[in-house]
Amino acid sequence: KNEVEQSPQNLTAQEGEFITINCSYSVGISALHWLQQHPGGGIVSLFMLSSGKKKHGRLIATINIQEKHSSLHITASHPRDSAVYICAVLTGTASKLTFGTGTRLQVTL
Amino acid sequence: KAGVTQTPRYLIKTRGQQVTLSCSPISGHRSVSWYQQTPGQGLQFLFEYFSETQRNKGNFPGRFSGRQFSNSRSEMNVSTLELGDSALYLCASSTGTGESFGQYFGPGTRLTVT
Numbered sequence: 061k062n063e064v065e066q067s068p069q070n071l072t073a074q075e076g077e078f079i080t081i082n083c084s085y086s087v088g089i090s091a092l093h094w095l096q097q098h099p100g101g102g103i104v105s106l107f108m109l110s111s112g113k114k115k116h117g118r119l120i121a122t123i124n125i126q127e128k129h130s131s132l133h134i135t136a137s138h139p140r141d142s143a144v145y146i147c148a149v150l151t152g153t154a155s156k157l158t159f160g161t162g163t164r165l166q167v168t169l
Numbered sequence: 002k003a004g005v006t007q008t009p010r011y012l013i014k015t016r017g018q019q020v021t022l023s024c025s026p027i028s029g030h031r032s033v034s035w036y037q038q039t040p041g042q043g044l045q046f047l048f049e050y051f052s053e054t055q056r057n058k059g060n061f062p063g064r065f066s067g068r069q070f071s072n073s074r075s076e077m078n079v080s081t082l083e084l085g086d087s088a089l090y091l092c093a094s095s096t097g098t099g100e101s102f103g104q105y106f107g108p109g110t111r112l113t114v115t
């Protein structure tokens, strides 16, 4: 079993829909990242959180440390949100990230 | 501040050759981590350097090595290239200290081994 599990693996939504991507992990972590990767490969770190909730524009990330679960929400989705979203956990004090397999999101008009 | 830069962006090598990739972190960041991304294995941690010392290492063979210079720039080297080494190699920098610290990714180097 992978240490970091994401669901769903693939997601298709229509523009304007509310989207939720889930991440569950089985190890103790010091922080969790949500990353966005567009075709071409570049990765952007959307959020790093260790507790509670963070919001940036139409993106919201939450984490429940006790349940070892995090969610990424996208409100009013747009075609430019189409990308792969990756959950990654930081364990220990060194900068070692363990990654989920990613969720491929496609938002259509 | 300038972001993380990686050179070269694209590289084609032949089996058996060796390759060196470079990563320049954000100014002030002392930690550089390297990751390999392949369609089959996804993103995997290679190693992390902090203040010129390897602080953490993933499960890769000894053909994969790295180093960090006093200005925090880092290089990774892959010797005796295999077809399976074809991948996107990403580096990320962070301050490397504190309770938790964000990582900033470079654009990656896409290596193709033929």
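Taken in order, these protein sequences are the chains called A and B.
Letter 14 of the first sequence, counting from 1, is numbered 74 in the working numbering, and no numbers are missing.
Letter 7 of the second sequence, counting from 1, is numbered 8 in the working numbering, and no numbers are missing.
Where a beta carbon is used, it is the ideal one built from N, C-alpha and C, also for glycine.
Source: prediction; values computed, not measured.
What does residue i pair with, by DSSP beta-bridge criteria?
i, result
"L165 of chain A", "A:L71, A:A143"
"F51 of chain B", "B:S32, B:T54"
"G67 of chain B", "B:M77"
"E65 of chain A", "A:S84"
"G112 of chain A", "A:I123"
"F106 of chain B", "B:A93"
As a quick exercise: from the options, pick the residue whose alpha carbon is nearest that of residue i.
i, options, result
"Q38 of chain B", "B:Y105, B:C92, B:Q19, B:T115", "B:C92"
"N104 of chain B", "B:V20, B:Y11, B:E49", "With the sequence shown as reference, residue 104 of chain B is identified as Gln, and Asn is not the correct amino acid for it. For Q104 of chain B, the nearest C-alpha among the options comes from B:E49."
"L92 of chain A", "A:A143, A:E127, A:T168, A:L157", "A:L157"
"G117 of chain A", "A:T168, A:S130, A:G102, A:D141", "A:D141"
"G17 of chain B", "B:S87, B:F106, B:T96", "B:S87"
"L95 of chain A", "A:V167, A:Q126, A:T163, A:L169", "A:T163"
"G120 of chain B", "B:S25, B:R74, B:P26, B:R111", "Because chain B in this structure spans residues 2 to 115, residue 120 of chain B falls outside the shown range and cannot be described."
"W35 of chain B", "B:F106, B:T113, B:T115, B:A3", "B:F106"
"H133 of chain A", "A:L165, A:F159, A:Q126", "A:L165"
"Q69 of chain B", "B:G4, B:T15, B:T115, B:C24", "B:C24"
"Q42 of chain B", "B:Q55, B:F61, B:T98", "B:F61"
"V104 of chain A", "B:T21, B:G109, B:T115", "B:G109"
"S90 of chain A", "B:V114, B:T98, B:T115, B:V5", "B:T98"
"N62 of chain A", "B:Q45, B:T15, B:R10, B:L89", "B:Q45"
"S161 of chain B", "B:F65, B:S71, B:E83, B:P26", "Since the first and last residues shown for chain B are 2 and 115, residue 161 of chain B lies out of range."
Is DSSP giving residue i helix, strand or coil here?
i, result
"L132 of chain A", "strand"
"E100 of chain B", "Low local confidence applies: a pLDDT of 48 at E100 of chain B is under 50, so the model's placement there is unreliable, with the coordinate-based value given in what follows. Coil."
"G101 of chain A", "coil"
"V114 of chain B", "strand"
"L82 of chain B", "coil"
"N124 of chain A", "strand"
"K156 of chain A", "coil"
"S90 of chain A", "coil"
"A3 of chain B", "coil"
"Q19 of chain B", "coil"
"G43 of chain B", "strand"
"T151 of chain A", "coil"
"V107 of chain A", "Sequence check: residue 107 of chain A is Phe here, not Val. It is a strand residue."
"I27 of chain B", "coil"
"F78 of chain A", "coil"
"S95 of chain B", "strand"
Exercise for review: Quick one: which residues of the segment 75 to 106 of chain A get their C-beta closer than 8 Å to a C-beta of chain B? List them in chain order.
Suggested key: The segment 75 to 106 of chain A vs chain B, Cβ under 8 Å: S90, A91, H93, L95, G101, G102, I103, V104, S105.
Exercise for review: Output, in sequence order along the chain, the residues in the segment 42 to 60 of chain B whose CB is closer than 7 Å to any CB in chain A.
Suggested key: Those would be G43, L44, F46, E49, R56, N57, in chain order.
Exercise for review: Could you tell me whether the segment 68 to 86 of chain B touches the segment 142 to 151 of chain A, using the rule of 3 or more Cβ pairs below 8 Å?
Suggested key: Short answer: they don't touch.
Check your understanding: So, do the segment 62 to 77 of chain A and the segment 105 to 113 of chain A have three or more beta carbon pairs nearer to each other than 8 Å?
Key -> By the criterion of at least three beta-carbon pairs nearer than 8 Å, the segment 62 to 77 of chain A is not in contact with the segment 105 to 113 of chain A.
Exercise for review: Give a yes or no on contact between the segment 98 to 109 of chain A and the segment 80 to 88 of chain A, applying the rule of three or more CB pairs nearer than 8 Å.
Suggested key: They do not touch, by the three-pair rule.
Check your understanding: If you pair each beta-carbon of the segment 43 to 58 of chain B with each one of the segment 15 to 33 of chain B, do three or more pairs fall below 8 Å?
Key -> Contact holds: three or more Cβ-Cβ distances are below 8 Å.
Check your understanding: Of all the residues that make up the segment 64 to 88 of chain B, which are near chain A by a beta-carbon distance shorter than 8 Å?
Key -> Those would be none; no residue qualifies.
Check your understanding: What residues in the segment 108 to 132 of chain A bring their beta carbon closer than 7 Å to a beta carbon of chain B?
Key -> Hits within the stretch, in order: M108, S110.
Exercise for review: Note down, in chain order, all residues in the segment 103 to 115 of chain B with a beta-carbon under 9 Å from any beta-carbon belonging to chain A.
Suggested key: The residues in question are G103, Q104, Y105, F106, G107, P108, G109, R111.
Practice item. Give the residues from the segment 15 to 42 of chain B that approach chain A closer than 7 Å (Cβ to any Cβ), ordered along the chain. Key: Those residues of the segment 15 to 42 of chain B that come within reach of chain A (Cβ to Cβ, closer than 7 Å) are S32, S34.
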